[in-house]
Amino acid sequence: MRKYILVIMIMTMVGFIGCTEREQGMKSSLKTDYMMGTIVKMKVYASQPEKIIKKSFKIMDNLEQKMSLNIKGSEVKEINKLAGQKAVKISDATYQVIKKGLEYAKLSQGAFDPTIGPLVELWGIGTKEAQIPTQKEIANKLKLVDYSKLKLVPQKKKVLLTKDNMKLNLGANAKGYAADKVVQFWKAKGVKSGFISLGGNVSVLGTKPDGSLWKVGIQDPKEPRGNVMAIVEVKGKTVVTSGNYERYFMKDGVRYHHILNPKTGRPTRKRIISATIVTDNLSSLDADTLSTTVYVLGVKKGLELINKLPGVGALVITRNNKVYMTANLKDEVKIIKKDKYKVVKNN
0 MRKYILVIMI MTMVGFIGCT EREQGMKSSL KTDYMMGTIV KMKVYASQPE
50 KIIKKSFKIM DNLEQKMSLN IKGSEVKEIN KLAGQKAVKI SDATYQVIKK
100 GLEYAKLSQG AFDPTIGPLV ELWGIGTKEA QIPTQKEIAN KLKLVDYSKL
150 KLVPQKKKVL LTKDNMKLNL GANAKGYAAD KVVQFWKAKG VKSGFISLGG
200 NVSVLGTKPD GSLWKVGIQD PKEPRGNVMA IVEVKGKTVV TSGNYERYFM
250 KDGVRYHHIL NPKTGRPTRK RIISATIVTD NLSSLDADTL STTVYVLGVK
300 KGLELINKLP GVGALVITRN NKVYMTANLK DEVKIIKKDK YKVVKNN
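In numbering that gives the first Met the number 0, the protein residues as written are 0 to 346.
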């Protein structure tokens, strides 16, 4: 599921690149493109940043070719095509994303489910075919959503959907894996400072060249894109947000958003309208998966799960403008719309 675009607050004042970069022989390169169903922005500081950025986008393109449902011959499409028939041998990249999804499906008891594909396809939210299905249609598709029928063969990197017409959808966490791979590449090339933003998934490497922390803005879920309600100051961390405001359609005054509950077959109707994960202990793949998981679980169960995971923080916004935040984020997060949003609980 596509995440909402976080607003990454990279300060561009005159002199930002300044003497620190020149003394270290560094240059910067910034590029924005559309990949993996979202806007991707990267910036790195290095001696040859253009080459690094170019290779980074190639890495992402390679992953998209494997995991996209919109690309003919992708590994995920092949798995879905052969559901109920035979296991499909896939790349380690696709295998790791599916494996992680299955891990969180078990951990959340199905609040996250990578086999949600039939429901995503039925609703079509974010496409021209978006619709409100009948309860009978939803019930029929729910029979095909069951992570326990997703089988992995680790030794051979094979995956099998054991029931006909089951379908994987990796939209909720593939971008996180891509961010991890890009940052790993940067580190291998000696890059010390940079950021990548893929929709609602932001990963930063190190600090800014002048040694200051990166500032990542959390979108105000009730305002147009670019309006932030809080800022997270981070070094070498991942910040991922899931919200009900990026892909949706309105019908008779009701918002039907893209974050579906695998158990009801409908858009999640909890109090949450935005869930943000902040971590330097887990991968971006984990954070990407967790943001959706917390959204579906709801405030209480979602934060209970986060508190069991070392080095992970969460900030949740509800419909009535309440902010629930884990205690480990209180020094990193600055609420800038205090007149509108109130922190009511530190967990």
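No residue lacks a Cβ here, since even glycine has one placed at the ideal position from N, Cα and C. Model, not experiment: these values are computed from the prediction.
Cβ neighbours of Val119 within its own chain (closer than 6 angstroms, five residues either side excluded): Asn168.
Taking a contact as a CB-CB distance under 8 angstroms, the pair Thr267 and Val295 counts as one, their CB atoms being some 5 angstroms apart. Straight-line spacing of the CA atoms in Lys191 and Tyr103 works out to 31 angstroms.
Met249 sits exposed, since fewer than 16 C-beta atoms from the chains shown fall within 10 Å of its C-beta. Assigned with DSSP and collapsed to three states, Gly100 falls in helix.
Shown here for Thr317: same chain residues with a beta carbon closer than 8 angstroms to its own, the five before and five after excluded, namely Arg270, Ile271, Ile272, Val298, Tyr323 in chain order. The Cβ atoms of Lys85 and Leu151 do not sit closer than 9 angstroms to each other.
Cβ contact annotation for Ser90 (same chain, cutoff 7 angstroms, sequence separation greater than five): Lys65, Glu74, in chain order.
Out of Gln108, Ile335, Asn200, Leu212, the CA that lies nearest to the CA of Ala173 is found in Asn200. Met228 and Asp330 have their C-alpha atoms roughly 16 angstroms apart. Of the residues assessed, Thr114 falls on the buried side of the cut-off, its CB having 16 or more other CB atoms within 10 angstroms. Boundaries of the alpha helix (DSSP H) around Tyr176: 173 to 187. Around the CB of Asp179, 16 or more other CB atoms lie within 10 Å, so the residue is classed as buried. Counting only residues of its own chain and dropping the five nearest sequence neighbours on each side, Phe56 has a CB closer than 8 angstroms to the CB of Lys30, Asp32, Met34, Val39, Met41. Here the C-alpha atom of Asp112 lies approximately 7 angstroms from the C-alpha atom of Leu101. In chain order, Met0, Phe111, Ala171, Ser241, Ile258 place their CB closer than 7 angstroms to the CB of Thr291, counting only its own chain and leaving out the 5 sequence neighbours on each side. Counting only residues of its own chain and dropping the five nearest sequence neighbours on each side, Gly205 has a CB closer than 7 angstroms to the CB of Lys191, Ser192, Lys234, Gly235. DSSP lists Ile217, Ile334 as the beta-bridge partner residues of Ala229. Counting every other CB atom within 10 Å of its CB across the protein chains shown gives Asn280 a total below 16, marking it as exposed. Inside the stretch 21 to 60, DSSP marks whole beta strand (DSSP E) runs of 3 or more residues at positions 26 to 34, 37 to 45, from first to last along the chain.
Closest in alpha carbon position to Ser282, among Leu68, Ser202, Pro132, Thr325, is Ser202. The straight-line gap separating the alpha-carbon atoms of Ile51 and Val43 is approximately 8 angstroms.
Assigned with DSSP and collapsed to three states, Met324 falls in strand.
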